[in-house]
Structures are given as structure tokens and as C-alpha cells.
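Peer 1: Sequences listed follow chains A and B, in order. The first sequence: position 22 = 487 (the numbering used here), numbered continuously. The second sequence: position 273 = 1330 (the numbering used here), numbered continuously. Shown below is the structure under consideration.
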Amino acid sequence: MTTLEIPTTTYAARLDAAHDSVAPDTPGVVVVGPGGFAYTTPRRLAEGPSWVSAATGRRLHGGDVRPVRNRVAARYGVACVQLVDPTPGDPARARHGLLRHHLLRAHTKVLASTVELAVADLGERTSAGGPLLGRQLVQAGLADAMLLVEETEGLLDGGHDVQPAVFTRLVRGGRALLRLLGGASFLIDGPGGAVLTAEQVGTLYLAAHHDH
Amino acid sequence: MTTELPDHLRALDAHCVEIARELREPGMVLDEDPDAITRYLDLPAVRLQEAMLIPPRFAGETYRVGPHAFPGGSCLSRVVVMDRLAHGDPGVLLAAPGPSLAGAAVQALGSERQQSRFFERFTKEPTWTFFALTEHGKGSAAAELETRLVPAEHGYTLHGTKKYIGTGARAQTGVVFCRRAPGPLGIEAVLVDTPAPGFHGELLPILGLRGVRISELVFDGLAVDPDMVLGFDRRPSRRGFLGARQTLATYRPSLAAMSLGVADAVLDYARAARTTLSTVDEQRLGDLAGRVAVARRRVREVAVALDAGRPDRHGTSAVKLTATRLAEEATLLAVDLLGPTALLEHPWLNKTYRDVRAFEFMEGAGDVHRLTVFQGGLRDAGGGT
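Structure representation (C-alpha cells):
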């Protein structure tokens, strides 16, 4: 039987690469999102990150770094913290559009890996004497996920302006894909955990802002 | 068919709204410490959900609300209870001791002696149970399961692995579906007590509903006495496979009701947390609330039909599918309305966002229900049976 596990460090490495893309000249950048929250790797936190505000583009100094417990993200090498009362510094000449771009790319890669695992798993699971992969409903579900991955990669590769709607589509498409895996989708160390981690990170950095 | 609740159920409904509030905090505690359920066994909600699943003749004490008595057994009462209590927290209900799905299987298939043996223990001590049908390779398709019941010198031995079994590693007793012979008539349901030699239960690391302690159960030669085969005195066509179908049909309306209670809770939470809403956002909340209300009416209709001995298989699949999707929709809408920090500044919403994803695969995955809905529509259109 296929082991339904996604490598636990891949997404985390892409997350830190996304932070790096914002200000490549500054080592150890971590973009601080709304509310002072940030997702990064424990390693980057240990090394003492260079905080950059997503809202103002300024560097942030000092402040209290409070850990935010997140069991699922931790399994994928991702830590969450809240930076409280930092002092704004000089502008970081950051390119925040690249953060969105890289995070959407990382999320899309998680879905692509999940499609691969699902094809392998559903090819081994059987129903009525044949593999589940032979069922039209299953094939259609996988095709939808493949199209979503392809379309999103096309948007990212083509240099298009990526809107919050792209993230929304990845969330909904990811959930539809996970449904094909049944109970396995609810395991932390399965694709469901990886997809949820990408959803949580994306909600902070990629979700639409409403006017309150 | 009317779904207006009679007076006694309106009283039960109002009572459940009151006692559900006490579940919110335990729900958060269980998310951190799944074993903490033992601290909450005296909560009225915990006692009520258990009472709803115990046949009156085995109940030590009938649950009362004012002048009204609520013996277990009515599906309509149960959906009212599970709906409103889930507004407090579904995880506490599912983590609590009680007959759960196993009780429904024992009721559907068990002899009087088997039922006595199973249900009488609930009056003596808190008892957790499991319903072991699902296998990873087969899902909950009873006709295809591979766990084997093998003849032995003094009865049978059980061999195989069950996965995604609620309270499996905590339970003292449970029902295991297994194969004694090829084909659907070779399926049996056996009652087992744990711990026992040849039984191993292991917790699975799960995204939400942590108190439910979803488990993998391994049976490696567990001894099964012949009189622990449920319905052993019935014809093969009237036991194992039939029991699995009947049990799931009985319990699905409760799961649907629970999903709707959670959906309502999430919508209420979003409204409270977002004091000002744009017209469009008001409309989005209103639309979802309307869909929840329609689904609640349908769940109650399905429950009334079940109580009347006219189970509506297609309608049950429809409400299970609809209700579980509505709960998920509600969490996505709430997170959207509360913005980028929704999952970080609202721990209850974060927990519920994870919890509701379990409803999708509990008691039959969504796609299985979609196919059943289609078959029902086809039958109604005169195109199939």
C-alpha cells in the first residue's frame, strides 16, 4: 500500500525561499503579516531573522517574539510567531509581490504532490473488483486538480498579477482533491496536513482584506 | 411532511441550546488534551447524548426536561439534540462515552442477550465503544472488507486491520465487521471486549476532533466466542452486511444534524466577531444561514421517516452530503470575513476549521453519497430502481 506522506521539509524550505525573495540582499528575512504574525522555519527563528513589515515595507527591530502553537504546521517544519511592539526602521526596498508569487507556487507544488500520491493510492485501492482509479468520478476529481495545478502554474510562469482569488481556488481545489483520499486526508502526516499548512500560511499572507 | 417540532421536542430543543454553551470550553481543552474528556462526564450534554442512544428498556434513568421524558431510540429527538449540542462543540459529543454507532449495530442485529450484555454496562460505568468497519484499502464498503473471522477450536479468531476508528484505542467494547466467507453473505459483525490478547489499538495523528481519538485497530488472532457474533441465530442475509447498512442509515441523520449545528455556530461566531458587515457580506451570511435552515428541515424529515419505519436512503445521503459541506462552507466564509488573522486570533474558529473536515469521510465519503443521490433522482424520474 502506498505511504500517503508528503516530505515534511519541502514546503518549509519554499516558505523561507519566499521570504528571501522579498529582499534578496538581506539575509534571513521574515515578512511580518497582519497582526504582527509570521510563519517561517524554526531554524530561521533561531538564527535571528531580519523582520520586514508586509504592510509598510519597513524593517522592524526589537519587539517581543511570541511563539504561536500550531501542531500541524510544526509537523511540516513551519513555526508561527507573533512579533509584538517592534520599532519601525528604514524601508527595506522589499518586493512583496514576490512573496505572494512564491507562496502560491509552494501551495501549488503541495497540490501537485498530492495528485501524485492520490493517483498511486487510488490505483492500489479497489472497489467492486477494480481499482478506484478506474471510477469516472475519481478520474474527474483528479482531472480537476490537475487542471488547477496547470492553470496556476501558467499564471505564475506568465508573470500575471496574482490576485487573492488564486489562493481561494487553491484552497477549494485542494479540499476537493483531498476528499478522494477519504480518512487518509485527515492525518497530520498525510497530504491533508501539508495542504492545511499551506492554507494557514496563505490565509495570513495571501487572503483578501475586507474593509472593516 | 411537516417538520414543525411538537411541544415536547421544542422544550428539548430549547434545553439543548442552554446546555450546549457548557461545551465550548471543554471542546478547546480536548483539542489540547484528548484524554481530558473524563473531566466532563457529568455535563448534562454528555449524559443526554448518551441517553439518546440507549434503548428505554436498558436505561437506568430517563433524561427529563421539565414534565417531558426523553427515552432513547427516537431519531428525531436525536437529531434535535445533536444539532443543538454541536453548536457548543461536536468534539465533546463524539469523544464522550456511550453506545455510539456500535449501539446502533447491536440494536439492529443483536439477540436480546447480546443487547443486554452490551447496553447494561452503560448504567454501571462510563463506557466507550467503537464501530470498526473502515479499512484503508476499502473505505467503509462493507461488502469488500478483508478483516477475517477464522474458525478456531472454541469459536473464531479475528485477523486484520481497521483504520480511522473513532475512540478505538480508548474503548472497552466495540463491534467489528469482518469476513467469515466470500461474498456479501459472508460478512459478520462481532462484539469484542478490549483490551484483550490479539488486540492492539494505536492513536492516529489527526488534524482535528482530537478528543475522538481516531485510531488504527489491529486484530491478530483475537479470540471471538461464537455467541459474540451479532445475530448468529439469524439467516446470513439478515445479519452482518445488512447490519452495517442499517447502522449507517440510522446514524447518518445525527451526523448531518451535528454538521448543521456547527455551521450555525460558525455563522453566529462570524456575526459576533464582525460587528460591521458590507451589504455583500451580509448577503453571503444570510444565504448560508438560509441553506442551513433548509437542510435542517430535510434532516428532520429524514429522521421522521426513519422513526416511522420508512427509511429514506437517498434523502439520508442527500442531507449527510449537504450538511457536511455547509459546515465546511461556513468555516471558509468565516475565515474570509475575519481576514488574514482569522485562524490566529480566533482559536475556536481555528479548531472548528480543522474539525469539520472530518465530517466529510465519517459514515461514508461524499462521493458515495453523491452517487446515492443520483440513484434516487433517477428512480424518481422513472429511470431506475
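We put the beta carbon where it would ideally sit given N, CA and C, even for glycine.
On the three-pair Cβ rule with 8 Å, is the stretch 1308-1325 of chain B touching the stretch 1345-1360 of chain B?
Peer 2: Because the criterion of three Cβ pairs below 8 Å is met, the stretch 1308-1325 of chain B and the stretch 1345-1360 of chain B touch.
Peer 1: What does Val1392(B) touch in chain A if you count any residue whose Cβ is under 8 Å from its own?
Peer 2: Result: Thr668 and Ala672.
Peer 1: Could you check what DSSP says for Tyr541(A) in three-state terms: helix, strand or coil?
Peer 2: In this structure, Tyr541(A) counts as coil in the three-state DSSP scheme.
Peer 1: Give, in chain order, every residue of the stretch 502-535 of chain A whose Cβ lies closer than 8 Å to some Cβ of chain B.
Peer 2: Flagged, chain order: Phe502 and Val533.
Peer 1: Rounded to whole angstroms, how far is the Cβ of Leu1400(B) from the Cβ of Gln665(A), which I believe are closer than 8 Å?
Peer 2: Confirmed, about 6 Å.
Peer 1: Figure out for me which residue from Met1315(B), Ala1153(B), Ala1189(B) and Gly1258(B) has the closest Cα to the Cα of Asp1412(B).
Peer 2: Considering only alpha carbons, the answer is Met1315(B).
Peer 1: Under 8 Å between C-beta atoms, does Gly500(A) make it to chain B?
Peer 2: Cβ-Cβ to chain B under 8 Å: yes for Gly500(A).
Peer 1: List, in chain order, every chain A residue whose beta-carbon is nearer than 8 Å to that of Leu1264(B).
Peer 2: Simply Val537, Phe651, Leu652, Ile653, Gly657, Gly658 and Leu661.
Peer 1: So, for Gly658(A): in the same chain, excluding its five sequence neighbours on each side, which residues have a beta-carbon less than 7 Å away from its beta-carbon?
Peer 2: These residues qualify, in order along the chain: Val537, Arg540, Tyr541 and Leu652.
Peer 1: Taking beta-carbon pairs under 8 Å, can you tell me which members of the stretch 1408-1420 of chain B lie near chain A?
Peer 2: Listed in sequence order: Arg1411, Arg1414, Ala1415, Glu1417 and Phe1418.
Peer 1: On the DSSP bridge assignment, give the partners of Pro1126(B) in chain order.
Peer 2: Looking at the sequence provided, one finds Ala at residue 1126(B) rather than Pro. BP columns for Ala1126(B) point to Arg1121(B).
Peer 1: Less than 8 Å between the beta carbons of Thr521(A) and Leu480(A), yes or no?
Peer 2: Contact: no.
Peer 1: Please compile the residues from chain A whose C-beta is within a distance smaller than 7 Å of the C-beta of Tyr1221(B).
Peer 2: Result: Gly648.
Peer 1: Can you give me the C-alpha to C-alpha distance between Arg1141(B) and Leu1062(B), rounded to a whole angstrom?
Peer 2: Whole-angstrom Cα-Cα distance: 14 Å.
Peer 1: Any beta carbon from chain B within less than 8 Å of Leu602(A)'s own beta carbon?
Peer 2: So, interface residue.
Peer 1: Taking all protein chains shown into account, decide if Leu1435(B) is buried (16 or more other Cβ within 10 angstroms of its Cβ) or exposed.
Peer 2: It counts as exposed.
Peer 1: Would Pro1368(B) count as contacting chain A if we go by Cβ distances under 8 Å?
Peer 2: By this cut-off, Pro1368(B) is not an interface position.
Peer 1: Just to confirm, is the Cβ distance from Val410(A) to Gly528(A) under 8 Å?
Peer 2: The structure shown has nothing for residue 410(A), since chain A only spans 466 to 677.
Peer 1: Which residue marks the beginning of the alpha helix (DSSP H) containing Tyr670(A), and which one marks its end?
Peer 2: Run containing Tyr670(A): Pro656 to Tyr670, per the alpha helix (DSSP H) assignment.
Peer 1: May I ask which residues mark the beginning and end of the beta strand (DSSP E) holding Leu1206(B)?
Peer 2: Its beta strand (DSSP E) spans residues Arg1205 to Ala1209.
Peer 1: Can you give me the C-alpha to C-alpha distance between Thr591(A) and Gly1423(B), rounded to a whole angstrom?
Peer 2: So the alpha carbons of these two residues sit roughly 17 Å apart.
Peer 1: Can you tell me whether Ala482(A) is buried or exposed? The criterion is at least 16 other CB atoms within 10 Å of its CB, across all chains shown.
Peer 2: Exposed, because fewer than 16 other Cβ atoms sit within 10 Å of the Cβ of Ala482(A).
Peer 1: Name the one or two DSSP bridge partners that Thr579(A) has.
Peer 2: The partner list for Thr579(A) (beta bridge, DSSP) is empty, contrary to what the question assumes.
Peer 1: Got a sec: which bits of the stretch 1422-1435 of chain B sit with their beta carbon under 9 Å from any beta carbon on chain A, in order along the chain?
Peer 2: For the stretch 1422-1435 of chain B, which is checked against every Cβ of chain A, the residues closer than 9 Å are Ala1422, Gly1423, Asp1424, Arg1427 and Leu1428.
Peer 1: Assuming contact is defined by CB atoms lying nearer than 8 Å, are Phe1175(B) and Thr1230(B) in contact in what I supplied?
Peer 2: Yes, these two residues count as a Cβ contact at 8 Å.
Peer 1: Would a check of beta-carbon distances place Pro1397(B) closer than 8 Å to chain A?
Peer 2: Pro1397(B) counts as touching chain A.
Peer 1: For Leu613(A), which residues from the same chain have a beta carbon less than 6 Å from its beta carbon, with the 5 sequence-adjacent residues on both sides left out?
Peer 2: If we look at Leu613(A) and ignore the five residues flanking it on each side, its Cβ neighbours are Gly638.
Peer 1: Is it true that the CB of His572(A) sits closer than 8 Å to the CB of Ala663(A)?
Peer 2: Yes, they are a contact pair.
Peer 1: For a contact defined as C-beta to C-beta under 8 Å, what are the partners of Arg591(A) on chain B?
Peer 2: For the sequence presented, residue 591(A) should be read as Thr rather than Arg. Neighbours of Thr591(A) on chain B, chain order: Gly1194, Lys1195 and Glu1201.
Peer 1: Specify the secondary structure class of Glu589(A) as computed by DSSP and reduced to three states.
Peer 2: Looking at Glu589(A) - three-state DSSP - the assignment turns out to be helix.
Peer 1: At a CB distance below 9 Å, what residues from the stretch 619-647 of chain A approach chain B? Give them in sequence order.
Peer 2: Hits within the stretch, in order: Thr633, Val636, Arg637, Arg640, Leu643, Arg644, Leu645, Leu646 and Gly647.
Peer 1: On a CA-only basis, which of Phe632(A), Gly623(A), Ser486(A) and Leu643(A) is nearest Gly606(A)? Give me that one, please.
Peer 2: Taking only the C-alpha atoms, the option nearest Gly606(A) is Leu643(A).
Peer 1: For Ala503(A), which of Val517(A), Leu563(A) and Gly599(A) has the nearest alpha-carbon?
Peer 2: Taking only the C-alpha atoms, the option nearest Ala503(A) is Val517(A).
Peer 1: According to the neighbour-count rule (16 or more other Cβ atoms, all chains shown, within 10 Å of its Cβ), is Leu1098(B) buried or exposed?
Peer 2: Under this definition Leu1098(B) is an exposed residue.
Peer 1: Locate the alpha helix (DSSP H) running through Thr617(A), then write down its first and last residues.
Peer 2: Looking at the DSSP string, the run of the alpha helix (DSSP H) that includes Thr617(A) is Gln601 to Asp622.
Peer 1: Could you tell me the distance, in whole angstroms, from the CA atom of Val1443(B) to the CA atom of Lys1195(B)?
Peer 2: Examination of residue 1443(B) is not possible in this model, given that chain B is present from 1058 through 1442 alone.
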